[in-house]
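K.L.:
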Amino acid sequence: MKKQQTKKKYDVIIVGAGPAGGQCARELSIAGKKVLLIEKSKEIGQPNFSSAGTSKELLDDFDLPLDFAPGKWSKILIATENVSKIWDYGETRGYVLDFAGLKKFLVKEAAKNGAKILIGTSVKKPILKDGVLIGVSYDGVFGKGEAFADVIVDASGPAGVLASELGMRKHLISPLSAGIELIAENVPEKLTEALAFYFGSTYVHYGYGWIFPMGKNSAKIGVAIYNISDHKEINIMEALKKFIAKFPGLENAAFVDLHGAPLCVNGGVDKHSADNFLFIGDAAAQINPLAGEGIRHAMHSARIAAKIILQALDKKDFSQKTLSQYDKEWKKYIGLRWKQSLLISKKIYSDISGKEADKFMKILAELSNKDIFALGFNYNFKKVFNKKTVIKWLKSAI
Ligand SMILES: Cc1cc2nc3c(=O)[nH]c(=O)nc-3n(C[C@H](O)[C@H](O)[C@H](O)COP(=O)(O)OP(=O)(O)OC[C@H]3O[C@@H](n4cnc5c(N)ncnc54)[C@H](O)[C@@H]3O)c2cc1C
């Protein structure tokens with residue numbers, strides 16, 4: 114059968130139904146705009162690659178129900194070769210989400226409010242008129258087609274399909290980092306007590322490992338390797354196996370899912386806007402470089418984008434000048450925090466030995482509950498940067 118050709122005009126086309134695209138579609142459709150959301154996976158929620166560990170603030174800020182939060186955490190554990198500490202908050206401080214469930218929720222909300230959703234469909238190319246983006250061509254299970262809109266948002270994650278074609282993310286693609294994770298059942302209870310991070314080459318070379326609680330005897334266990342494209346000698350699956358072997362009791366665990374994805378963790382771009390165009394979330398490497406937290410930031414970037422797009426639609430002005438307000442607001446959101454996180458991550462993930470990691474851990478171990486949360490989730494390094502030894506240690510990374 115011949116595939117159908119279609120042409121449509123929307124207020125906004127969003128490419129990718131991840132946390133960034135889903136939230137952007139949710140906000141714009143609630144505001145009554147005509148939205149087309151195009152997702153290449155055949156099922157919303159897929160690919161289900163993220164650990165989705167987060168703080169309580171994500172659910173509060175975005176009015177999310179607890180339905181897709183199977184894991185709760187009230188303790189943070191950080192360990193290096195010989196030093197470890199648990200910070201106990203005494204009450205739920207955050208969650209480990211069912212990532213697919215979060216994405217389904219966002220897209221359902223958008224659909225309920227009138228957004229059109231095209232699943233199993235890949236955006237292939239930007240359509241330009243006189244050098245300006247006016248639409249996209251796509252191909253998928255419902256056929257080939259072209260769609261047109263006043264504003265087009267690339268939220269396609271590390272692929273950054275349109276921003277790449279428009280030449281706006283050349284320096285983001287290399288080097289590339291990556292994360293891989295297992296969902297494990299029959300995990301010893303002791304290993305599911307905290308949101309746990311493990312640093313230093315004793316655990317993982319050029320990266321870190323984590324064990325995130327997912328309910329009783331269930332956990333997400335993974336490793337991230339920074340700039341893996343520069344370390345051809347590293348096999349990420351072997352790194353995960355080595356990490357798991359560090360924990361007695363995990364030999365009896367049952368691994369029920371294995372997933373992973375590339376990570377662009379180099380601090381992002383300054384310019385996310387062109388005429389009729391914005392790119393947001395991981396497409397613009399907005400993930401925080403410290404420990405790869407990306408969901409909360411992807412959703413905040415979507416919220417900023419929705420606000421700027423609504424203003425542009427009101428004014429009927431979709432020029433880069435108007436949309437560049439997004440660049441300003443994103444810059445305000447990250448402040449100096451992303452640059453500082455990148456600096457610290459360059460040192461921590463430079464394959465530091467267990468002993469060197471211990472040195473940093475001794476400084477972290479002095480931090481209070483409030484300060485470790487401020488560091489891990491708000492990237493507030495005041496307490497750490499003030500320490501002379503850390504500054505000296507970091508300088509050696511530059
Ligand atoms: C192993 C791992 C663990 C992680 N753990 C955490 C964590 O614990 N906490 C946290 O906050 N963050 C975590 N992250 C990061 C977080 O998942 C990302 O930052 C977040 O998903 C970014 O959202 P996004 O919407 O920008 O991009 P994505 O989630 O990548 O979504 C992009 C979407 O675009 C679609 N797409 C791609 N190309 C096309 C195309 N051509 N046409 C149509 N659709 C397309 C994709 O299928 C996808 O659905 C982790 C990442 C990895 C890899």
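First residue of the sequence shown: 114, per this note's numbering; consecutive thereafter.
Cβ atoms here follow ideal geometry from the backbone N, Cα and C, with glycine treated the same way.
Values in this document were obtained by computation on a predicted structure and should not be read as measured data.
Can you find a heavy atom of ligand 1 that lies under 7 angstroms from the Cβ of Ala411?
P.N.:
Result yes, Cβ under 7 angstroms from ligand 1.
K.L.:
Could you tell me which of Gly131, Tyr439, Lys122 and Ile126 sits nearest to Ala396, measuring between CA atoms?
P.N.:
If we check each option's Cα against that of Ala396, Gly131 comes out closest.
K.L.:
Go ahead and pull the three-state DSSP assignment for His344.
P.N.:
Residue state, collapsed to three classes: coil.
K.L.:
Using the Cβ count rule (16 or more neighbours within 10 Å means buried), how would you classify Asp173?
P.N.:
When all chains shown are included, Asp173 counts as exposed.
K.L.:
Can you find a heavy atom of ligand 1 that lies under 7 angstroms from the Cβ of Ile400?
P.N.:
Checking every heavy atom of ligand 1 against the Cβ of Ile400, one is found closer than 7 angstroms.
K.L.:
Taking the straight line between their C-alpha atoms, what separation do you get for Lys115 and Leu456?
P.N.:
Note that Lys115 scores a pLDDT of 44, beneath 50, so its modelled location is shaky and nothing firm can be said.
K.L.:
Quick one: is the Cβ of Ile447 within less than 7 angstroms of any heavy atom of ligand 1?
P.N.:
No.
K.L.:
Starting from the Cα of Ala398, find the closest Cα among Phe356, Asn195, Ala309 and Leu289 and give me that residue.
P.N.:
Among Phe356, Asn195, Ala309 and Leu289, the Cα nearest to that of Ala398 is on Leu289.
K.L.:
Return yes when the Cβ of Leu246 is within less than 8 angstroms of the Cβ of Ala138, no when it is not.
P.N.:
No, these two residues do not count as a Cβ contact at 8 angstroms.
K.L.:
Taking the alpha helix (DSSP H) that Ser277 falls in, what are its first and last residues?
P.N.:
Unbroken alpha helix (DSSP H) run through Ser277: Val274 to Glu278.
K.L.:
Suppose you measure from the CA of Glu374 to the CA of Gly129; what does that come to, to the nearest Å?
P.N.:
Here residue 374 is Ala; the residue named in the question, Glu, does not match the sequence. When rounded, the distance between both Cα atoms is 15 angstroms.
K.L.:
Taking only the alpha-carbon atoms, compute the straight-line gap between Lys429 and Leu179 and give it to the nearest angstrom.
P.N.:
Lys429 and Leu179: Cα-Cα distance of roughly 38 angstroms.
K.L.:
How about Gly335 and Ala404: are their beta carbons less than 8 angstroms apart?
P.N.:
Not closer than 8 angstroms, so no.
K.L.:
Identify, in the order they occur along the chain, each residue of the same chain with its Cβ nearer than 6 angstroms to the Cβ of Glu297, setting aside the five sequence neighbours on each side.
P.N.:
In the sequence as displayed, the identity of residue 297 is Ala instead of Glu. Taken in chain order, the residues that qualify are Ala332, Ile334, Ala366 and Phe368.
K.L.:
Helix, strand or coil, according to DSSP, for Val378 in the structure here?
P.N.:
Of the three classes helix, strand and coil, the one that applies to Val378 here is coil, per DSSP.
K.L.:
By DSSP, does His413 sit in helix, in strand, or in coil?
P.N.:
Of the three classes helix, strand and coil, the one that applies to His413 here is helix, per DSSP.
K.L.:
What are the boundary residues of the alpha helix (DSSP H) that includes Gly467?
P.N.:
Gly467 to Leu477 is the span of the alpha helix (DSSP H), which, as asked, contains Gly467.
K.L.:
Closer than 8 angstroms is the cut-off here; do at least three beta carbon pairs connect the segment 259-275 with the segment 336-349?
P.N.:
These segments do not touch.
K.L.:
From this set, Gly158, Gly166 and Asp343, which residue's C-alpha is nearest Glu406's C-alpha?
P.N.:
When only C-alpha atoms are compared, the closest one is Gly166.
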